[in-house]
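Here's the structure we're looking at; comments come further down.
2 protein chains.
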Amino acid sequence: MSLSDVRALTFDTGGTILDWHTGFKTILSETGAKHGLERNWHDIANDIRRKGLGKMLNLGKDEPPGYNFDGAHRMALEEVITENGLEAFTEEERHTIAYDAPHNFECWSDFPAVLPKLREKYMCASFTILSFRIIMDTARRNGLSWDAVFSCEAIGKYKILPEAYDTVAHYLQLEPSQICMVACHNFDLDAAKSRGYNTAFVKRPREWGNDSPPDPEPNPIHDIIVDDFPSLANALGANP
Amino acid sequence: MSLSDVRALTFDTGGTILDWHTGFKTILSETGAKHGLERNWHDIANDIRRKGLGKMLNLGKDEPPGYNFDGAHRMALEEVITENGLEAFTEEERHTIAYDAPHNFECWSDFPAVLPKLREKYMCASFTILSFRIIMDTARRNGLSWDAVFSCEAIGKYKILPEAYDTVAHYLQLEPSQICMVACHNFDLDAAKSRGYNTAFVKRPREWGNDSPPDPEPNPIHDIIVDDFPSLANALGANP
Chain U
2 MSLSDVRALT FDTGGTILDW HTGFKTILSE TGAKHGLERN WHDIANDIRR
52 KGLGKMLNLG KDEPPGYNFD GAHRMALEEV ITENGLEAFT EEERHTIAYD
102 APHNFECWSD FPAVLPKLRE KYMCASFTIL SFRIIMDTAR RNGLSWDAVF
152 SCEAIGKYKI LPEAYDTVAH YLQLEPSQIC MVACHNFDLD AAKSRGYNTA
202 FVKRPREWGN DSPPDPEPNP IHDIIVDDFP SLANALGANP
Chain Y
2 MSLSDVRALT FDTGGTILDW HTGFKTILSE TGAKHGLERN WHDIANDIRR
52 KGLGKMLNLG KDEPPGYNFD GAHRMALEEV ITENGLEAFT EEERHTIAYD
102 APHNFECWSD FPAVLPKLRE KYMCASFTIL SFRIIMDTAR RNGLSWDAVF
152 SCEAIGKYKI LPEAYDTVAH YLQLEPSQIC MVACHNFDLD AAKSRGYNTA
202 FVKRPREWGN DSPPDPEPNP IHDIIVDDFP SLANALGANP
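Taken in order, these protein sequences are the chains called U and Y. The first sequence begins at 2 in our numbering and counts up one residue at a time. The second sequence begins at 2 in our numbering and counts up one residue at a time.
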């Protein structure tokens, strides 16, 4: 396996590209303030993410998925509302937190300028457990253009099931060794690696706000380990 | 139903965006010349398309598809080789005609400048029976950026099956009345209309070269009927 064979980059998008923590924390604290509620909005934002991820990873293993990540965000919000005494939040506010906020997540500032450089050399696709609409809406908001969006919503098998990685390689008509998965999460990259992908770990120490990410240390098996996207472009020879 | 409700445009891509006729005719005549063969390459190009389409439309109706449009192009080529005494074509030449040529189709000249204008106002997705790779490769070659690529390859139900249109509306999280299907073919637009989509017929009188298209007269049920893409942008108020 050699990085010189790589033809396509597939990007985890939530977390690696999008700053979900700031997005959730901001709308939660604004909504709380309207109701005069004081809570640890930082922790609640992270809890929505944690619960949402838990509902999505490996979804479709035993039966077809019954919801997408928009549905999971809403279920996760309802749980934290109950657990944190936030029942005053109105239906409209709940929709804004669980739906509008993710569709308006801002992307990390080091990515938009690098994507076009990477696209000059590689096919660059979002490969994500987020819904198509979250990817399409956040791309439009942040001025990103993907070559394609491969949402597990269409595959019916979510990361980190092997079928998800195999299917994307099949759609790309590439051997997995011709693809590099890019993410800030070992669980995603480890799964991609086990299916034959190259892997690039891009560190996102602020993904969970002031908390350290749950698994911050890159697994040394990854082919590229970098601190940011300009460094990834350099490592891939895509920074003329 | 009103066009003012439209949020997304879904584009038939083969034929409507890409000039398959010139692409096939050029490589066929070049390959024939290498072998000193004279044939009606215009007609053979159209026959590859006709046979290919026949293998794709409604594919997946009764059982999961066993091939994508790249496979259909190759099968169609083998048929015209037999029918036209082109057995001298080598395996490499056959791959070039059936695979490389479609992945390098040029797009009609009126589209590239209009797509960014349409994207300012609408989500713009390729919604196609072509393979993901044909769309990704031709987009890169022609400088197009789609918001997403919805290939029937991932849906498993090909146009003009109703499930194809219903699934894309589901992924877009829109009512069909909030989507406008754009194509140069009545069969595609009629099927979209029957599922509640708005429809825009963009004429492509040269799609089949010197032949008139098989069904050139727009069905009057379509919401927009225009001669080219600048006119479509005008009709949709996306031409500032």
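Glycine included, C-beta positions come from ideal geometry on N, C-alpha and C.
For this session: Pull out every residue of the region 74 to 94 of chain Y whose Cβ sits closer than 9 angstroms to any Cβ of chain U, in chain order.
Result: none
Exercise. In chain order, what residues of the same chain have a beta carbon less than 6 angstroms from the beta carbon of Y:Ile98, not counting five sequence neighbours either side?
Worked result: Ile28, Leu78
Exercise. So, are the CB atoms of U:Ile180 and U:Tyr198 less than 7 angstroms apart?
Worked result: yes
Problem set entry | Inter-stretch contact (C-beta, 8 angstroms, three-pair minimum) for the region 181 to 201 of chain Y and the region 11 to 23 of chain Y | yes
Exercise. Would you say U:Leu233 and U:Ala193 are within 7 angstroms of each other, going by their C-beta atoms?
Worked result: no
Exercise. To which residues does DSSP link Y:Val150 through a beta bridge?
Worked result: Y:Ser127
Exercise. In whole angstroms, what is the alpha-carbon distance linking Y:Ser146 and Y:Phe25?
Worked result: 24 angstroms
For this session: Identify the contact partners of Y:Met137 in chain U, using a Cβ-Cβ distance below 7 angstroms as the criterion.
Result: Met124, Asp148, Ala149
Exercise. Which value, in whole angstroms, describes the spacing of the CA atoms of U:Ile136 and U:Glu154?
Worked result: 11 angstroms
Problem set entry | Cβ-heavy atom distance, Y:Ser213 to the ligand ADP, below 6 angstroms | This structure does not include the ligand ADP; it has no bound ligands of any sort.
Exercise. Cβ of Y:Phe151 within 7 angstroms of Cβ of Y:Ala126?
Worked result: yes
Exercise. Are the beta-carbon atoms of Y:Arg40 and Y:Asn85 separated by less than 7 angstroms?
Worked result: yes
Exercise. Checking contacts by CB at 7 angstroms: is U:Arg134 closer than that to chain Y?
Worked result: yes
For this session: Apply the 10 Å Cβ neighbour rule to Y:Ile161 and answer buried if 16 or more other Cβ atoms are within range, or exposed otherwise.
Result: buried
For this session: If I'm right that U:Glu107 touches U:Thr23 with Cβ under 8 angstroms, what's the distance once you round it to whole angstroms?
Result: 7 angstroms
For this session: Can you have a look at U:Pro215 and say buried or exposed, based on whether 16 or more other CB atoms are within 10 angstroms of its CB?
Result: exposed
For this session: Leaving aside the five residues before and after Y:Leu116 along the sequence, list all residues of the same chain whose C-beta is less than 7 angstroms from its C-beta, in chain order.
Result: Cys125, Leu145
Exercise. Any idea which residues DSSP pairs U:Thr11 with across the strands?
Worked result: U:Ala126, U:Met182
For this session: Identify whether Y:Ala239 lies in helix, strand or coil by the three-state DSSP scheme.
Result: coil
Exercise. Taking Cβ positions, are Y:Phe133 and U:Tyr172 nearer each other than 7 angstroms?
Worked result: yes
Exercise. Which class does U:Thr200 belong to by DSSP, given the choice of helix, strand or coil?
Worked result: strand
Exercise. Relative to chain Y, which residues along the region 169 to 180 of chain U have a C-beta separation below 8 angstroms, given in chain order?
Worked result: Tyr172, Leu173, Gln174
For this session: Determine the contact status of U:His74 and U:Pro103, defining contact as a CB-CB distance below 7 angstroms.
Result: yes
Exercise. According to the Cβ coordinates, are Y:Gly61 and Y:Gly157 closer than 7 angstroms?
Worked result: yes
Exercise. In or out: Y:His36 buried (at least 16 other Cβ within 10 Å) or exposed?
Worked result: exposed
Exercise. First and last residue of the alpha helix (DSSP H) that includes U:Ile136?
Worked result: 133 to 143
Exercise. In chain U, which residues lie less than 9 angstroms from Y:Arg141 when you measure between Cβ atoms?
Worked result: Arg120, Met124, Asp148
Exercise. Using the beta-carbon of each residue, which ones in chain U are nearer than 8 angstroms to Y:Glu154?
Worked result: Tyr172
For this session: Quickly, what does DSSP pair U:Val227 with across the bridge? List them, please.
Result: U:Val203
Exercise. How about U:Ile130 and U:Met182: do their beta carbons lie closer than 7 angstroms?
Worked result: no
Problem set entry | U:Leu19 - DSSP class collapsed to helix/strand/coil | strand
For this session: Would you mind sorting U:Glu94 into buried or exposed? The rule is 16 or more other CB atoms within 10 Å of its CB.
Result: buried
For this session: Report yes if the CB atom of Y:Tyr123 is closer than 7 angstroms to the CB atom of Y:Ala9, and no otherwise.
Result: yes
Problem set entry | Residues of its chain near U:Thr168, where Cβ-Cβ distance is below 6 angstroms and the 5 sequence neighbours each way are ignored | Ile156
For this session: Mind checking which residues open and close the alpha helix (DSSP H) that includes U:Leu190?
Result: 187 to 195
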